[in-house]
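Each remark here refers to the structure printed beneath this line.
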Amino acid sequence: MNYYKLGINPASKKWKGYMNPSPLFLDDKGNELNDVKLSAIQERFNGVLYFDILSQGKIPPVTSTGSRFLAFNGSIFCTDDFDVNGVQPIPIINRDSHLKYILMHVFNYIDCVDWEHSKVDHWPVGYIPETWESKRGRFLLNLLFIKVRYLKT
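In case it helps, full-length UniProt numbering puts the sequence shown at residues 1 to 153.
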């Protein structure tokens, strides 16, 4: 089964005031994994990951880590009942507050955006985006989808 990527913008009005987790993780051995490296792993990940909090706020039931992952608050998500082919729940914990989320590690996804023909508000010349920011630009102004990717199965 294939899944579509979903990006949450933590700077938007809707998410303002909520806790924002870092897209950088540490494993049990202290190795750093960012959301890009983790999404490139196309197999099951064993272990627990640890995250820092970029901005404090209300604890949301669902949040994003970077632009690649959704995470569900551990107090509302039951991994015992979760068995979806191609998606692995990974526990992520903040060591300071012991806040626990369940990260959805998706093995198979489809990037259905036609980036070549979509209009993007590019970063100012010389600006280096943070690791959690999109490398393409700030906003999508006119998003185009690739029609062939919507094949019925």
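Glycine included, every Cβ here is placed at the ideal spot set by N, Cα and C.
Below 8 Å CB to CB, which residues in the same chain sit around residue i once its five sequence neighbours on both sides are set aside?
{"i": "Val48", "result": "Asp27, Asp28, Ile90, Pro91, Ile92, Ile93"}
{"i": "Gly17", "result": "Gly57, Lys58"}
{"i": "Ser75", "result": "Lys100"}
{"i": "Lys135", "result": "Pro129"}
Using DSSP bridges, identify the partner residues of residue i.
{"i": "Lys14", "result": "None; Lys14 has no bridge partner."}
{"i": "Pro21", "result": "Ile53"}
Do residue i and the ligand GTP come close, with the Cβ less than 8 Å from some heavy atom?
{"i": "Gly126", "result": "Judged by which ligands are present, the structure shown has none, so any question about the ligand GTP falls away."}
By how many angstroms is the C-alpha of residue j removed from the C-alpha of residue i?
{"i": "Phe82", "j": "Phe72", "result": "12 Å"}
{"i": "Gly137", "j": "His122", "result": "4 Å"}
{"i": "Thr63", "j": "Trp115", "result": "25 Å"}
Judging by CA-CA distance, which residue of the options is the nearest neighbour of residue i?
{"i": "Pro61", "options": "Leu103, Ser118, Gly86, Ala40", "result": "Leu103"}
{"i": "Arg95", "options": "Pro124, Asp52, Cys78, Thr63", "result": "Asp52"}
Note down, in chain order, each residue of its chain lying with its Cβ closer than 6 Å to the Cβ of residue i, except the 5 sequence neighbours on either side.
{"i": "Gln88", "result": "Arg44, His105"}
Contained beta strand (DSSP E) runs [length at least 3] in the stretch 31 to 107, N- to C-terminal order: 32 to 34, 49 to 55, 62 to 65, 69 to 73, 87 to 93, 100 to 106
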